[in-house]
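Colleague: In the numbering used here, the protein residues as written are 1 to 222. Have a look at the structure that comes next, please.
Right, here's the structure in full:
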């Protein structure tokens, strides 16, 4: 289910009851995203990430625990598994996914996952003139992988990093492309994850020290 401002305005509880009344057993909740091309500013087609996270918080409160056995929300359930120390199942909370999922267009062009469609800087070649296995050696792929890694490193000191792994790389990409202010030292899911930990009776994690920061501290102390 794609969540935009109009859907969110209906309220998470109303959406929950609607899906349950339909007999839906599993659903994904996706925030509507704009095209990757210009203009480089937010527009009506972009449901800003903080608003999306607030919708997930509202949905979690309406869903837990009364409806747990009646419907499963993919994003919420995946984060709950990770809060409990289990492995996640979906890519958006799994760190640097660049190259793990590819889009092959009808004419053979290969790009990063379908969220990056329309941006030539995330195209890695064409299967008509090179093997798919050779694409990780292309300069565009190396750059995209490195940029994604750097973005994840920025969020490495977040207490919830082991859960969200820096968040979806495309969300970070959009914030930069649409000139949206955001504290990139965290993925923005802390409030939702704290709700989950509290509901599960688990303590919130202590502040973590990212390995890169630890190495900087060691070098400065020499």
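Where is the CB? At the ideal position from N, CA and C, for every residue including glycine.
Could you pull the start and end residues of the beta strand (DSSP E) that residue 148 belongs to?
Modeller: Translated into the one-based positions of the chain shown, residue 148 becomes position 148. Taken as a continuous stretch (DSSP letters only), residue 148 belongs to no beta strand (DSSP E), being part of the alpha helix (DSSP H) at 139-154.
Colleague: Locate the alpha helix (DSSP H) running through residue 110, then write down its first and last residues.
Modeller: The residue you call residue 110 lines up with position 110 of the chain shown. It is not in any alpha helix (DSSP H) - residue 110 instead sits in the beta strand (DSSP E) that spans 109-112.
Colleague: Let me know if residue 75 comes out buried or exposed under the rule of 16 or more other beta-carbons within 10 Å of its beta-carbon.
Modeller: To locate residue 75, count along the chain shown from 1; it is residue 75. By the neighbour-count rule (16 or more Cβ atoms within 10 Å), residue 75 is buried.
Colleague: I need the straight-line Cα distance from residue 52 to residue 3, nearest angstrom please.
Modeller: For the purposes of this step, residue 52 is taken as the residue at position 52 of the chain shown. For the purposes of this step, residue 3 is taken as the residue at position 3 of the chain shown. Spanning the two alpha carbons is a distance of roughly 8 Å.
Colleague: So what does DSSP say about residue 79, is it helix, strand or coil?
Modeller: Taking the chain shown and counting its residues from 1, the one referred to as residue 79 is at position 79. Here residue 79 sits in helix by DSSP.
Colleague: Mind checking which residues open and close the beta strand (DSSP E) that includes residue 102?
Modeller: Position 102 of the chain shown holds residue 102. That run of the beta strand (DSSP E) goes 102-104.
Colleague: Tell me the DSSP secondary structure of residue 47 in three-state form.
Modeller: Against the chain shown, residue 47 aligns to sequence position 47. Residue 47: coil per DSSP, three-state reduction.
Colleague: Examine the Cβ distances between the segment 127-134 and the segment 193-206 and report whether three or more of them are shorter than 8 Å.
Modeller: no
Colleague: Cβ of residue 101 within 9 Å of Cβ of residue 87?
Modeller: Within the chain shown, numbered from 1, the residue matching residue 101 stands at position 101. Within the chain shown, numbered from 1, the residue matching residue 87 stands at position 87. No.
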